[in-house]
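**Q**
Protein chains: 4
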Amino acid sequence: MGVAKPRETVAKGEPAGSGAKGGRREQLLEVAVELFATKGYAETTMRDIADATGILAGSIYHHFASKEAMLDEILRGFLIPLHERFAAVEREGGGPRETLSELIRISFSCIHDSPHAVAVYQNETDNLLRQEAFAYVGEHSARIEQIWLRVLRAGQESGAIRPDFDAKVAYLFIRDAIWSAVRWYRPGGQLRPETVADQYLDLLYGGLV
Amino acid sequence: MGVAKPRETVAKGEPAGSGAKGGRREQLLEVAVELFATKGYAETTMRDIADATGILAGSIYHHFASKEAMLDEILRGFLIPLHERFAAVEREGGGPRETLSELIRISFSCIHDSPHAVAVYQNETDNLLRQEAFAYVGEHSARIEQIWLRVLRAGQESGAIRPDFDAKVAYLFIRDAIWSAVRWYRPGGQLRPETVADQYLDLLYGGLV
Amino acid sequence: MGVAKPRETVAKGEPAGSGAKGGRREQLLEVAVELFATKGYAETTMRDIADATGILAGSIYHHFASKEAMLDEILRGFLIPLHERFAAVEREGGGPRETLSELIRISFSCIHDSPHAVAVYQNETDNLLRQEAFAYVGEHSARIEQIWLRVLRAGQESGAIRPDFDAKVAYLFIRDAIWSAVRWYRPGGQLRPETVADQYLDLLYGGLV
Amino acid sequence: MGVAKPRETVAKGEPAGSGAKGGRREQLLEVAVELFATKGYAETTMRDIADATGILAGSIYHHFASKEAMLDEILRGFLIPLHERFAAVEREGGGPRETLSELIRISFSCIHDSPHAVAVYQNETDNLLRQEAFAYVGEHSARIEQIWLRVLRAGQESGAIRPDFDAKVAYLFIRDAIWSAVRWYRPGGQLRPETVADQYLDLLYGGLV
DNA sequence: AATGAATGAGAGTTCATTCAT
DNA sequence: TATGAATGAACTCTCATTCAT
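Here the protein sequences come in this chain order: A, B, C and D. Those letters in the first sequence? Residues 1 to 209, by UniProt numbering. Those letters in the second sequence? Residues 1 to 209, by UniProt numbering. Those letters in the third sequence? Residues 1 to 209, by UniProt numbering. Those letters in the fourth sequence? Residues 1 to 209, by UniProt numbering.
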């Protein structure tokens, strides 16, 4: 029930000099994230992942300690870099509006680059927060929220953003509007991520009217 | 294999004059929708539902034909009335902006009244669309989308809404921003649904700047 | 919902050169056919089969897709070879009386070799015919019946068999008399299958009087 | 697991002066025997019986102590009178051949009158013999077998029947040929029971040749 | 007599996981 | 590394039976 303690296999990087060996690991992770995103984590079986990879279910355990370890690796690989990119943008210290725009552009490029990981993050976070082993998900999410709130409030103070609404509500509004796009945005589809980002920015700044 | 045909017990209404009779059915449905929303449909077991209701798992089948039948009843009870309310607003034929505002207010009142059903709808729809028995979910969703699109386009034609962006993108933006609120909105919390609706309307119409 | 498609494990043959490998599959089938014959298909549980084999019930599913798939394999393994043997005898084109005798001898040798499968076939066919997945049982049975009828009618025309009764009634009489022997015939008992066959042939041809 | 001790309800006859009261009991028994014969005893649920009768499953227990009690009553109602009719024929002391013919005619008339009970007897006896509560089934069957054997042997001694085969084998041959007819004989069909009986007698006495 | 709610045991089946090879 | 057999717990669902009304 609890999250299995990750063994070395979970965290270990590419063994140097092993050539194509690690390819199977990446392949499994790619297959897993797609299935987790598409069918849901609980609904995806190790057999599903193994079948799509062309090995047997039991063999996955040579690469990952557990199903949860796969989820863990997926979420860390998505959440930590995202947090770092957001923090970097904030550190650059541009104007609030430019910073806000950059946060939004990063979000869309993230949806573009890792739509499956984003979907998994969105769909599974609620359940995960109750599990100790996934506490870091909540922590990174909270720090990311703080970045958004600081930027929004700085914008309100500087006059770049209207001061007449609650920053928290605005944050939630923006966050949900952006991240939910993962449900319909298709990387290979008609809409380019920059286009969507620009339309969203336009809607967000200028409003419907 | 799709939602099993409900037995007689399923379709029959409240036994007349029996006061609290039939309460067990409603109680089970309330417990189920909360668990489905909180833990997810697949992750909720019949035992979970039974335990929370104070009966044995097998006894649920006296009231519902299957777990899927419970989900079915929950979704129908949420989706069909919502569709009807939207359709009624459109039929009233007010101005595009008033109509749009009303759609948004209805959405928030729906989140307020049935947050669990909304969450279930949001979380499970993706998987459900693949199942024949839940085709009606896709159909109602599509008709609801058409209502939003008609209203948005009417607004653009009448000049009430900016014409310089794609109605479909705007719809998705609005839809996601609103319905995702179910993830953080708590009926008993500080924020009143009307307040949230008004802030969202304000953000939406006027923009951040 | 009919017999589930066997997974890869089901269709694959004996792993070459592995000696006793795959024995578990056969062992399970032998245990299953005996239990199905003795207790009845519905009354036999997967746990019964597993217990008698020395594994856990869930482990059966490593070898067979379902209980029904086991029944299916048992029936095919009995019915198709039997049909082929009957058809081969008919093709040989001996005289009607020799052919008839041969059909009867084959029947008894079949009861001798696979008494359990015969019993399962006899006891479960009625219920099975209603299921689409077991349509082949009805089809083979019908073709076997046609062989018997052709042989009987040829015998009547050639004068080798009395012409004064209905071939269909005679077929049913013979079929039931023979196949019901599975209920009392014991392969290891006093009566040899050839003896029983001969006595039956004698009774059948010469009558009681 | 064991057969429930029959309560008074099981054995009690028609309460005098209760008018149509017992009709429901008979109705249930008729429905049950048909379902037991058609689907098998184990495969028939109390709900099946109740549905076909127009009451709820629980209500059956006002008339019968258990499902097994219904089976018990069905088998007794078939087996005991049959045994008595056979015994009466034997007591009459006609010639062996006339007696044998009469046994066969009685058998066919029994199939004609109570095809469902005969089918249940044939299909379920094997399993039943292992249960203490159904010991009487084995006992009556054994006594019936003895009657047949006495008649056959008397026939062989008197020269009315060929002496050159084992009476036991002949008995099994006859029994199976006759009783199996229940599988295809339909009371309302083309073949009259007397016709079938006569054809069987003819086949039996004169043989095929 | 009948209802309808509930029980509790057990059914077939699934699945993450382990491990000898 | 991968296989394939097995585990064991949990799952959805069924059903004979009980009992207050």
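Ideal Cβ positions, reconstructed from N, Cα and C, are used throughout, including at glycine.
Could you name the residues of chain D that D176 of chain C contacts, counting a contact when the two beta carbons are closer than 9 Å?
**A** Within 9 Å Cβ-Cβ: D176, A177, I178, W179, S180, A181, R183, W184.
**Q** How far does the alpha helix (DSSP H) with V89 of chain C in it extend, from its first residue to its last?
**A** 67-92 is the extent of the alpha helix (DSSP H) around V89 of chain C.
**Q** Go to Y36 of chain B, then tell me how far its alpha helix (DSSP H) extends in each direction, as first and last residue.
**A** Checking the displayed sequence, the identity of residue 36 of chain B turns out to be Phe instead of Tyr. 23-39 is the span of the alpha helix (DSSP H), which, as asked, contains F36 of chain B.
**Q** I'd like to know whether the C-beta of A11 of chain B is nearer than 8 Å to at least one C-beta of chain A.
**A** Its pLDDT being 36, under 50, A11 of chain B is placed unreliably in this model, and the coordinates cannot settle the point.
**Q** Is A133 of chain A close to chain B? Criterion is C-beta to C-beta, closer than 8 Å.
**A** So no, A133 of chain A is outside the interface.
**Q** Which residues in the same chain as L208 of chain C place their Cβ atom closer than 7 Å to its Cβ, once the five residues preceding and following it in sequence are excluded?
**A** If we look at L208 of chain C and ignore the five residues flanking it on each side, it has no Cβ neighbours.
**Q** Return the CA-CA distance between C110 of chain A and F173 of chain A, expressed in angstroms with no decimal places.
**A** Roughly 18 Å between the two C-alpha positions.
**Q** Can you find a C-beta in chain C that's less than 8 Å from the C-beta of R162 of chain D?
**A** So, interface residue.
**Q** For R85 of chain C, tell me which candidate among C:I144, C:L56, C:S66 has the shortest Cα-Cα distance.
**A** If we check each option's Cα against that of R85 of chain C, C:I144 comes out closest.
**Q** By the 10 Å Cβ neighbour count, where 16 or more other Cβ atoms means buried, how is A197 of chain B classified, buried or exposed?
**A** Buried.
**Q** In the DSSP assignment, the alpha helix (DSSP H) including F108 of chain C goes from what residue to what residue?
**A** Start and end: 96-113.
**Q** Hey, would you say T99 of chain A sits closer than 8 Å to V151 of chain A, going by beta carbons?
**A** For T99 of chain A and V151 of chain A, yes; Cβs fall inside 8 Å.
**Q** Figure out for me which residue from D:Y205, D:L201, D:Y185 has the closest Cα to the Cα of H112 of chain D.
**A** The residue with the shortest Cα to Cα distance from H112 of chain D is D:Y185.
**Q** Pair every Cβ in the stretch 160-170 of chain C with every Cβ in the stretch 155-175 of chain D, then say whether three or more of these pairs are closer than 8 Å.
**A** Counting Cβ pairs under 8 Å, fewer than three are found: no touch.
**Q** Could you give the C-beta distance for P96 of chain C and A135 of chain C, rounded to a whole number, given that I count them as a contact under 8 Å?
**A** No, P96 of chain C and A135 of chain C are not in contact; Cβ-Cβ is about 31 Å, not under 8 Å.
**Q** Drop a sphere of 10 angstroms on the beta-carbon of P187 of chain A, count the other beta-carbons inside from all chains shown, and report buried for 16 or more, exposed for fewer.
**A** So P187 of chain A ends up on the exposed side.
**Q** Taking C-beta to C-beta, are I74 of chain A and F108 of chain A nearer than 8 Å?
**A** No, the pair does not count as a contact, with Cβ atoms beyond the cut-off.
**Q** Rounded to whole angstroms, what's the CA-CA distance from V180 of chain B to T125 of chain B? Just pull it up for me.
**A** Note that residue 180 of chain B corresponds to Ser in the displayed sequence, not to Val. Rounded to the nearest angstrom, the two C-alpha atoms are 14 Å apart.
**Q** Looking only at C-alpha atoms, which of B:K67, B:H140, B:I80 sits nearest to L28 of chain B?
**A** Nearest C-alpha to L28 of chain B: B:K67.
**Q** Specify the secondary structure class of P193 of chain A as computed by DSSP and reduced to three states.
**A** Here P193 of chain A sits in helix by DSSP.
**Q** Can you pull the chain A residues whose beta carbon is under 8 Å from the beta carbon of G206 of chain B, in chain order?
**A** What G206 of chain B touches in chain A: R162, G207, V209.
**Q** Please classify H62 of chain A as buried or exposed, where buried requires at least 16 other C-beta atoms within 10 Å of its C-beta.
**A** By the neighbour-count rule (16 or more Cβ atoms within 10 Å), H62 of chain A is not buried but exposed.
**Q** For chain A, find out if any of its Cβ atoms is closer than 8 Å to the Cβ of Y61 of chain B; answer yes or no.
**A** Answer no: the Cβ-Cβ gap between Y61 of chain B and chain A never drops below 8 Å.
**Q** In terms of residues, what are the limits of the alpha helix (DSSP H) holding T53 of chain D?
**A** Where T53 of chain D is concerned, the enclosing alpha helix (DSSP H) stretches over 46-53.
**Q** How many Å lie between M70 of chain B and F64 of chain B at the Cα?
**A** Rounded to whole angstroms, M70 of chain B to F64 of chain B spans 7 Å at the Cα level.
**Q** Kindly indicate which residue of D:A42, D:T53, D:V169, D:L79 has the alpha-carbon position closest to the one of Y121 of chain D.
**A** When each option's Cα is compared against that of Y121 of chain D, the closest is D:L79.
**Q** Can you tell me the Cβ-Cβ gap for L201 of chain D and I106 of chain D, rounded? I've got them flagged as a contact below 8 Å.
**A** About 12 Å separates the two Cβ atoms, so there is no contact after all.
**Q** Taking the alpha helix (DSSP H) that Q146 of chain D falls in, what are its first and last residues?
**A** Looking at the DSSP string, the run of the alpha helix (DSSP H) that includes Q146 of chain D is 135-158.
**Q** Which stretch, first to last residue, makes up the alpha helix (DSSP H) that contains F173 of chain A?
**A** Element bounds for F173 of chain A: 167-179.
**Q** Once you ignore the five residues that flank D48 of chain A on each side, which residues in its own chain have a CB closer than 6 Å to its CB?
**A** Result list for D48 of chain A: L35, in chain order.
**Q** Quick one: does residue 240 of chain A have its CB under 8 Å from some CB of chain B?
**A** Because chain A spans 1 through 209 in this model, residue 240 of chain A falls outside it and cannot be assessed.
**Q** Kindly list, in the order they appear in chain C, the residues whose Cβ is closer than 9 Å to that of Q199 of chain D.
**A** Near Q199 of chain D (Cβ distances below 9 Å), the residues of chain C are F165, D166, V169, A170, F173.
**Q** How big is the Cα-Cα spacing for residue 210 of chain D and H140 of chain D?
**A** With chain D covering 1 to 209 only, the question about residue 210 of chain D has no answer from this structure.
**Q** Are any of the Cβ atoms in chain C nearer than 8 Å to that of G95 of chain D?
**A** Answer no: the Cβ-Cβ gap between G95 of chain D and chain C never drops below 8 Å.
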